[in-house]
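2 protein chains.
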Amino acid sequence: MTTYTPTDQNRVRRLPKRGHYDSETIYGIVDAALICHVSFVQDGQPFIIPTLHARDGDAILLHGASTSRLMLHAGAGHPLCIAVTVTDALVLARSVFHHSVNYRSAVVFGRGELVEDEAEKWNALERFTEKLIPGRWADARQPTPVEMKATAVVRVEIENASAKIRTGPPGDDEEDLLLPVWSGLLPIQTTFGQPEPAPDLATGIAVPDYLRRMFGATEG
Amino acid sequence: MTTYTPTDQNRVRRLPKRGHYDSETIYGIVDAALICHVSFVQDGQPFIIPTLHARDGDAILLHGASTSRLMLHAGAGHPLCIAVTVTDALVLARSVFHHSVNYRSAVVFGRGELVEDEAEKWNALERFTEKLIPGRWADARQPTPVEMKATAVVRVEIENASAKIRTGPPGDDEEDLLLPVWSGLLPIQTTFGQPEPAPDLATGIAVPDYLRRMFGATEG
Chain A
50 MTTYTPTDQN
60 RVRRLPKRGH
70 YDSETIYGIV
80 DAALICHVSF
90 VQDGQPFIIP
100 TLHARDGDAI
110 LLHGASTSRL
120 MLHAGAGHPL
130 CIAVTVTDAL
140 VLARSVFHHS
150 VNYRSAVVFG
160 RGELVEDEAE
170 KWNALERFTE
180 KLIPGRWADA
190 RQPTPVEMKA
200 TAVVRVEIEN
210 ASAKIRTGPP
220 GDDEEDLLLP
230 VWSGLLPIQT
240 TFGQPEPAPD
250 LATGIAVPDY
260 LRRMFGATEG
Chain B
50 MTTYTPTDQN
60 RVRRLPKRGH
70 YDSETIYGIV
80 DAALICHVSF
90 VQDGQPFIIP
100 TLHARDGDAI
110 LLHGASTSRL
120 MLHAGAGHPL
130 CIAVTVTDAL
140 VLARSVFHHS
150 VNYRSAVVFG
160 RGELVEDEAE
170 KWNALERFTE
180 KLIPGRWADA
190 RQPTPVEMKA
200 TAVVRVEIEN
210 ASAKIRTGPP
220 GDDEEDLLLP
230 VWSGLLPIQT
240 TFGQPEPAPD
250 LATGIAVPDY
260 LRRMFGATEG
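Here the protein sequences line up with chains A and B, keeping their order. In this text, residue positions in the first sequence follow my numbering: the first is 50, and each later residue adds one. In this text, residue positions in the second sequence follow my numbering: the first is 50, and each later residue adds one.
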């Protein structure tokens, strides 16, 4: 387990009790979410691009078209900030002021590097596919050399990171506790629905077991 | 309806057919999501903070503790990029290469301004609460002057924006269509679960109708 050092970059300033700096907590959030948001700077202007991610040890993996702006910029080693956020519940306090959201948020800092090694790139693509749909890589048609060339993978070694988590019931003020206002949590659930076959799916191809298992499963 | 002009800042370069520049499409995505990711630059380093948002016409509203880093920085007029992303389905193609996600993504550029006018700030807080839980503002205990002072609202006039949307079935290559691989969509559903009362909720307070209506409703 890695413990990141709180610095000016990653320290959770607002409500420091919600801050976590151990890799177990941070990576748990990274792995739980389908997508991340990557931010970078060009000419002093911040940009954000949402994208799929995977993790390989202490690195975040990104991928995309070799010609895409994110791959070109991230692969060139500029500083990146990557955020992963999972929302768990709306928090309804008696007072408007104490309304909140239960969430798990990880923020990671690092610089990207294009993965040039073919075997490493292949493994990364397998990792992406298996994170999305465990069992899919062995079933689907695997990449051709042309597709491999058209796809870029960027590896972002995590230089610094932190997590911020809110759990539990509303934190109402003592003097509001007897107000006749319902208070509690409204859980947010992200689940997968019934698989919808492609219109041009050849007849006689059943929904694979690995996909059937995902039905009703939660993202987070 | 506003139509934003595609510039170097907001143009959807990769797969331009997925790009949209009209406010109806962009604001529809902004309004559909619970949270946004705000990015900003300090000393050349990009930062992202996930937060709740609301919209007032052509502006995004953010709020937080008056002393929070996001409110201080965003309120000071530095350039911001705000991303809102809704994921709708995993897209399973016959080939690994054409796997994708159906999503709706809005990216907005602008600069923040602290809302100082008390009535405007009050209206903004009502807007936040009603976006989160329609009907809640009138039921919950409304802000005191001390709470108003502790809360900052930042208004970000949208200078430029774009949306990127993927819908529909997988886009497999012609020569893969007859492969014996299941292909189609795995829908992602974000719903609200059963309300969970606070442990210290006074007896005899029923779940309000406006909350009961949200059960099973989708975020997006």
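Even for Gly, the Cβ is constructed at its ideal location relative to N, Cα and C.
Is the CB of B/T178 under 8 Å away from at least one CB in chain A? The count along the second sequence starts at 1 and reaches residue 178 of chain B at position 129. Yes, because at least one Cβ of chain A sits closer than 8 Å to the Cβ of B/T178.
Residues bridged to B/Y76 [DSSP beta-bridge criterion]: Position 27 of the second sequence, counted from the start, is the residue given in the question as residue 76 of chain B. Answer is none; B/Y76 lacks a bridge partner.
Mind checking whether B/V131 and B/V61 have CB atoms under 8 Å apart? Here residue 131 of chain B corresponds to residue number 82 of the second sequence, with the count starting at 1. Here residue 61 of chain B corresponds to residue number 12 of the second sequence, with the count starting at 1. The question names Val, yet the displayed sequence has Ile at residue 131 of chain B. Result no, Cβ atoms of B/I131 and B/V61 do not sit closer than 8 Å.
When the Cα atoms are used, what is the spatial distance from A/R153 to A/I78? Walking along the first sequence from the start, residue 153 of chain A turns up at place 104. Walking along the first sequence from the start, residue 78 of chain A turns up at place 29. Rounded to whole angstroms, A/R153 to A/I78 spans 6 Å at the Cα level.
Give the interface partners of A/D137 over in chain B, defined as CB-CB distance under 7 Å, in chain order. Counted from its first residue, the first sequence places residue 137 of chain A at position 88. The premise fails here: A/D137 is roughly 10 Å from chain B at the closest Cβ pair, so nothing lies under 7 Å.
Opening and closing residue of the beta strand (DSSP E) in which B/A212 lies: Residue mapping note: residue 212 of chain B aligns to position 163 of the second sequence, counting from 1. Taken as a continuous stretch (DSSP letters only), the beta strand (DSSP E) holding B/A212 covers T200 to R215.
Residues in the same chain with beta-carbon distance under 8 Å from A/P95, minus the five sequence neighbours each way, listed in chain order, please. In the first sequence, the residue the question calls residue 95 of chain A occupies position 46. So the qualifying residues of the chain are S88 and F89.
Step through the CB atoms of chain A and report whether any lies within less than 8 Å of the CB of B/L110. Locating residue 110 of chain B in the second sequence gives position 61, counting from the first residue. By this cut-off, B/L110 is not an interface position.
Does DSSP classify A/G68 as helix, strand or coil? As a working note, residue 68 of chain A is residue 19 in the first sequence. Looking at A/G68 - three-state DSSP - the assignment turns out to be strand.
Taking 8 Å as the CB-CB cut-off, is A/S144 touching chain B? In the first sequence, counting from the first residue as 1, residue 144 of chain A sits at position 95. Closer than 8 Å to some Cβ of chain B, the Cβ of A/S144 qualifies, so yes.
Measuring straight from C-alpha to C-alpha, what distance separates B/A201 and B/L129? Counting from one through the second sequence, the residue named residue 201 of chain B turns up at place 152. Counting from one through the second sequence, the residue named residue 129 of chain B turns up at place 80. Each residue's alpha carbon lies about 17 Å from the other.
For B/P65, is the classification buried or exposed, using 16 other Cβ atoms within 10 angstroms of its Cβ as the cut-off for buried? Stepping through the second sequence from its first residue, residue 65 of chain B is reached at position 16. Classification for B/P65: exposed.
Write down the C-beta distance between A/R176 and A/Y259 rounded to the nearest angstrom, noting that I regard them as a contact closer than 8 Å. As a working note, residue 176 of chain A is residue 127 in the first sequence. As a working note, residue 259 of chain A is residue 210 in the first sequence. With 8 Å as the limit, A/R176 and A/Y259 do not qualify as a contact, their Cβ atoms being about 16 Å apart.
Could you check whether the stretch 211 to 231 of chain B touches the stretch 248 to 257 of chain A, counting it as contact only if at least three pairs of C-beta atoms, one from each stretch, sit closer than 8 Å? yes
Residue range of the beta strand (DSSP E) that includes B/H102: In the second sequence, counting from the first residue as 1, residue 102 of chain B sits at position 53. From DSSP, the beta strand (DSSP E) with B/H102 extends over Q94 to D105.
Chain B contact residues for A/V230, given Cβ-Cβ distances below 8 Å: The residue you call residue 230 of chain A lines up with position 181 of the first sequence. What A/V230 touches in chain B: D188, A189, R190 and I254.
Distance, Cα to Cα, B/A210 vs B/A189? Walking along the second sequence from the start, residue 210 of chain B turns up at place 161. Walking along the second sequence from the start, residue 189 of chain B turns up at place 140. Whole-angstrom Cα-Cα distance: 34 Å.
Taking the alpha carbon of B/L234 as the point to measure from, which residue in A/V150, A/I182 and A/W171 has its own alpha carbon closest? To locate residue 234 of chain B, count along the second sequence from 1; it is residue 185. Closest by alpha carbon: A/I182.
Under three-state DSSP, which class holds B/F264? Residue 264 of chain B sits at position 215 when you count from the first residue of the second sequence. Here B/F264 sits in coil by DSSP.
Using a beta-carbon distance cut-off of less than 8 Å, what residues from the stretch 145 to 174 of chain B approach chain A? V145, F146, H148, V150, Y152, S154, V156, F158 and L174
Looking only at its chain, what residues have a beta carbon closer than 8 Å to the beta carbon of B/Q58, apart from the 5 residues adjacent to it on each side? Along the second sequence, read from residue 1 onward, the residue named residue 58 of chain B stands at position 9. Taken in chain order, the residues that qualify are F158 and N209.
Answer with yes or no whether the minimum CB distance from B/A123 to chain A is below 8 Å. On the second sequence, position 74 is the one that residue 123 of chain B refers to. Answer no: the Cβ-Cβ gap between B/A123 and chain A never drops below 8 Å.
Taking A/R215 and A/V135 to be in contact with their CB atoms under 8 Å, please state how far apart those CB atoms are, rounded to whole angstroms. In the first sequence, residue 215 of chain A corresponds to position 166, counting from 1. In the first sequence, residue 135 of chain A corresponds to position 86, counting from 1. So it is not a contact: roughly 11 Å between Cβ atoms.
What beta strand (DSSP E) runs, 3 residues minimum, are completely inside the stretch 120 to 152 of chain A? 128 to 141
Taking the DSSP output, what are the residues bridged to B/E245? Residue mapping note: residue 245 of chain B aligns to position 196 of the second sequence, counting from 1. In the DSSP output, where bridge partners are listed per residue, B/E245 has A/L234.
So, with DSSP's three-state summary, where would you put A/R62? Your numbering for residue 62 of chain A matches position 13 in the first sequence. It is coil, neither helix nor strand.
Would you call A/M50 buried or exposed, if buried means 16 or more other Cβ atoms sit within 10 Å of its Cβ? Numbered from 1 along the first sequence, position 1 holds the residue referred to as residue 50 of chain A. Exposed: under 16 other Cβ atoms inside 10 Å.
Any idea if A/D92 is buried or exposed, counting beta-carbon neighbours within 10 angstroms, 16 or more meaning buried? On the first sequence, position 43 is the one that residue 92 of chain A refers to. That one is exposed.
The stretch 89 to 109 of chain B: which residues have C-beta closer than 8 Å to a C-beta of chain A, in chain order? F89, V90, G93, Q94, P95, F96, I97, I98, P99 and L101
On the CB-based measure, 16 or more other CB atoms within 10 Å of its CB, does B/V195 come out buried or exposed? For this step, residue 195 of chain B is matched to residue 146 along the second sequence. It is exposed - the Cβ of B/V195 has fewer than 16 other Cβ atoms within 10 Å.
Collapsed DSSP secondary structure at B/A108 in the structure displayed: Your numbering for residue 108 of chain B matches position 59 in the second sequence. In this structure, B/A108 counts as strand in the three-state DSSP scheme.
Any beta carbon from chain B within less than 8 Å of A/T216's own beta carbon? Here residue 216 of chain A corresponds to residue number 167 of the first sequence, with the count starting at 1. No, A/T216 lies away from the interface with chain B (no Cβ there is under 8 Å from its Cβ).
Can you round the beta-carbon distance between B/Y76 and B/P55 to whole angstroms, since I take them to be within the 8 Å contact cut? By one-based count along the second sequence, residue 76 of chain B stands at place 27. By one-based count along the second sequence, residue 55 of chain B stands at place 6. About 17 Å separates the two Cβ atoms, so there is no contact after all.
Pair within 8 Å by beta-carbon distance, B/I30 and B/L139: Because chain B here runs from 50 to 269, residue 30 of chain B falls outside it and cannot be looked at.
When you compare only the Cα positions, how much space is there between B/A255 and A/M120? One-based indexing of the second sequence puts residue 255 of chain B at position 206. One-based indexing of the first sequence puts residue 120 of chain A at position 71. If I take the Cα positions, the gap works out to 52 Å.
List the residues of chain B that A/E206 touches, going by C-beta distances under 9 Å, in chain order. Numbered from its first residue, the first sequence carries residue 206 of chain A at position 157. None at all; the shortest Cβ gap to chain B is about 16 Å.
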